[in-house]
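Participant:
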Amino acid sequence: MSLNFAQICQALAKNGVANPRLETRLIMAFVLQCQPAEVFSDSALTTEQSRQADEILRRRLQHEPLDKIFGHREFYKFDFIVDKNVLSPRPDTEILVEEAVSLARDNMSILDLGTGSGCIIASILSEHPQMQGTAVDISAASLDIARRNAENLGISPRLRFIRADWFNADICQTIGQKFDMIVSNPPYIPTKDIATLEAEVKNNDPLAALDGGDDGLQSYRRIAEIAPQLLNAKGYILLEVGINQAHEVAAIFTLQGLKLLKILPDLSGIERCVVLQKA
Ligand code: GLN
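Reading the sequence shown from the start, the letters are residues 150 to 428 in the working numbering.
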């Protein structure tokens, strides 16, 4: 028997998926190889498409998010390859990208700490065709994904990749230069809260991209220690933060001599992005 819109939608709804109609549309569009807007509730699937949809549904009902099943996700203005080795790009992070794009000038250099899929730095470099960037990550597998994304966006010649751990004592020597802008979406979930995250996140985003230590702020403390050495005079740093972390994070950085410029809310009104500048 061939699967249809109503059956997929019902299965998703029964299993607690928050937007079953939208996800059904995305699944049907994926197997029909059309745009989501071209899917109708009476769109028919062939036997082969139905088999594919069934396989996607099976994975989705085990709480695997659609972007990881499809292998890509839209973020900001672009499409990014994703897999289990990278944090799925979130719409909340587009706030940071928009702010970075507006502060950036073409001759600036930019460093992304914990680049993951590369979605942040690749988006910024795409908007500023003369900018040069460096992307750092501890995970070789995530750097492979980031490299492929840079390639797809045509910015590879302007982006250098470094595999390194920012807790290493010699991280600044490893990176080896100063920048006009640093961006980072570091892990910021307090360790004890990881268990309470939804399965889509907890089981499908890499733990190393989520776990921010006891109070969630461990990576910010380290980045604040190294940022002054990595920034040129007047250089900017833009940080994504978790719920209720913005002011504490700002304080961690102002203690290192950086000046707080602004705190920006995300689409849900949560303070999400802290912007500071070196004197
Ligand atoms: N935004 C992610 C979440 O809330 C966390 C990402 C991070 O720790 N940087 O699940």
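Built from N, CA and C at the ideal position, the CB exists for glycine as well. Values in this document were obtained by computation on a predicted structure and should not be read as measured data.
Counting only the same chain and skipping the five closest in sequence on each side, list residues whose C-beta sits under 8 Å from that of Ala-373.
Facilitator: Position 224 of the sequence shown, counting from 1, holds the residue named residue 373. If we look at Ala-373 and ignore the five residues flanking it on each side, its Cβ neighbours are Ile-401, Phe-402, Leu-404, Gln-405, Leu-407.
Participant: Contact between the region 230-245 and the region 306-318: three or more CB pairs below 8 Å?
Facilitator: no
Participant: As a quick exercise: from Leu-260, Ala-160, Glu-247, Val-166, pick the residue whose alpha carbon is nearest that of Leu-416.
Facilitator: Against the sequence shown, residue 416 aligns to sequence position 267. Per the Cα distances, Glu-247.
Participant: Contact between the region 352-361 and the region 334-341: three or more CB pairs below 8 Å?
Facilitator: They touch, by the three-pair rule.
Participant: Nearest chain B C-beta to Ala-395 closer than 8 Å, yes or no?
Facilitator: The chain labelled as chain B is not found in the depicted structure, where only one protein chain is given.
Participant: Please report the distance separating the alpha-carbon of Leu-152 from that of Leu-346.
Facilitator: As a first step, residue 152 must be located in the sequence shown, where it is residue number 3. As a first step, residue 346 must be located in the sequence shown, where it is residue number 197. Spanning the two alpha carbons is a distance of roughly 31 Å.
Participant: Quick one: what's got a C-beta closer than 7 Å to Gly-375's C-beta in the same chain, skipping five residues either side?
Facilitator: The residue labelled residue 375 in the question sits at position 226 within the sequence shown. For clarity, residue 375 is Ile in the given sequence; the question names Gly instead. So the qualifying residues of the chain are Trp-315, Ile-320, Cys-321.
Participant: What residues in its chain sit with their C-beta under 8 Å from that of Gly-384, if we drop five residues either side in the sequence?
Facilitator: The residue you call residue 384 lines up with position 235 of the sequence shown. Excluding positions up to five away in sequence, the list reads Lys-327, Phe-328, Asp-329, Met-330, Ile-331, Gln-426, Lys-427.
Participant: Could you tell me the boundaries of the beta strand (DSSP E) in which Met-330 lies?
Facilitator: In the sequence shown, the residue the question calls residue 330 occupies position 181. Unbroken beta strand (DSSP E) run through Met-330: 328-333.
Participant: Around the C-beta of Cys-268, are 16 or more other C-beta atoms found within 10 angstroms, so that it is buried, or is it exposed?
Facilitator: If you number the sequence shown from 1, residue 268 lands on position 119. Per the 10 Å Cβ criterion, buried.
Participant: Report all residues for which the CB-ligand distance to some heavy atom of the ligand GLN is below 7 Å; order them along the chain.
Facilitator: Leu-236, Arg-239, Asp-241, Asn-334, Pro-335, Pro-336, Tyr-337, Ile-338, Leu-346, Val-350, Asp-354, Ala-358, Leu-359, Gly-361, Glu-389, Gly-391
Participant: At what residues does the beta strand (DSSP E) containing Ser-127 begin and finish?
Facilitator: There is no way to answer for residue 127, as the model of the chain reaches only from 150 to 428.
Participant: Shortest alpha-carbon distance to Ser-199 belongs to which of His-212, Glu-213, Gln-182?
Facilitator: Within the sequence shown, residue 199 is the residue found at index 50, counting from 1. Considering only alpha carbons, the answer is Gln-182.
Participant: Could you give the uninterrupted runs of the beta strand (DSSP E) lying entirely in the region 330-417, keeping only those of 3 residues or more?
Facilitator: 380-389, 408-414
Participant: Ordered along the chain, which non-local residues of its own chain (more than five positions away) have a Cβ less than 8 Å from that of Ile-122?
Facilitator: The structure shown does not extend to residue 122, since the chain is modelled only from 150 through 428, so no value can be given for it.
Participant: Whole angstroms is fine: what's the gap from Ile-205's alpha carbon to Ala-290's?
Facilitator: Taking the first residue of the sequence shown as position 1, residue 205 is located at position 56. Taking the first residue of the sequence shown as position 1, residue 290 is located at position 141. Using only the alpha carbons, I get a separation of about 24 Å.
Participant: Just verifying my parser: in three-state terms, what is the DSSP assignment at Ala-284?
Facilitator: The count along the sequence shown starts at 1 and reaches residue 284 at position 135. Of the three classes helix, strand and coil, the one that applies to Ala-284 here is strand, per DSSP.
Participant: Name the two residues that bound the continuous alpha helix (DSSP H) containing Asp-203.
Facilitator: On the sequence shown, residue 203 is found 54 positions in, with the first residue counted as 1. Residues 196-210.
Participant: Looking only at DSSP bridge pairs, what is Asp-255 linked to?
Facilitator: Position 106 of the sequence shown holds residue 255. For Asp-255, which the question treats as bridged, DSSP gives no partner whatsoever.
Participant: With DSSP as the reference, label Arg-307 as helix, strand or coil.
Facilitator: Position 158 of the sequence shown, counted from the first residue, corresponds to residue 307. Helix.
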